[in-house]
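For reference, the structure discussed in these notes is given below.
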Amino acid sequence: LCDVVGGICESGDFFAKARSLPSTQSGDIMVIKNTGAYGFSMSSNYNTRNKACELALEEGQVRLIRQRENFEDQIALEEKFLKA
């Protein structure tokens, strides 16, 4: 059994606890549906974490619907204040 956790340092950052999962390797992709705060509409840049990319699965095809955010994206609206 294993726990599936998020990428922040919070004790409550769990997607699942004590779940049986198939064997995985580094680089494998796990689909987690209905992620709440990890989805774009409820996300934040807590601990300066970039917002994840978003993918859509439609008729058996996966497509990118939102690029992963980078640091430049995070500060784009604040840049003029950082130069003051």
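In terms of my numbering, the sequence shown opens at residue 24 and continues consecutively. Idealized CB from N, CA, C, for every residue including glycine. All values derive from a computational prediction rather than experimental measurement.
DSSP-derived helix/strand/coil call for residue i
| i | result |
| --- | --- |
| leucine 154 | Absent from the structure is residue 154, since the part of the chain shown begins at 24 and ends at 107. |
| isoleucine 52 | coil |
| aspartate 36 | coil |
| isoleucine 31 | coil |
| glutamine 90 | coil |
| glutamate 95 | helix |
Residue of the options minimising C-alpha distance to residue i
| i | options | result |
| --- | --- | --- |
| phenylalanine 70 | Val28, Ile88 and Glu33 | Per the sequence presented here, residue 70 reads as asparagine, with phenylalanine not at that position. Cα-wise, what sits closest to asparagine 70 is Glu33. |
| lysine 40 | Asn68, Asp26, Gly50 and Ala79 | Asp26 |
| glutamine 90 | Gly29, Ser43 and Ala79 | Ala79 |
| serine 43 | Leu24, Gly35, Lys103 and Ser66 | Leu24 |
The ligand ATP heavy atom lying under 7 Å from the CB of residue i
| i | result |
| --- | --- |
| glycine 30 | As far as ligands go, the structure on display features none, and thus does not contain the ligand ATP. |
Within-8 Å CB hit, residue i to chain C
| i | result |
| --- | --- |
| cysteine 32 | Going by chain labels, chain C is absent from the structure shown, which holds only one protein chain. |
Exercise. Touch check for the segment 88-97 and the segment 48-59: three-plus C-beta pairs under 8 Å?
Worked result: no
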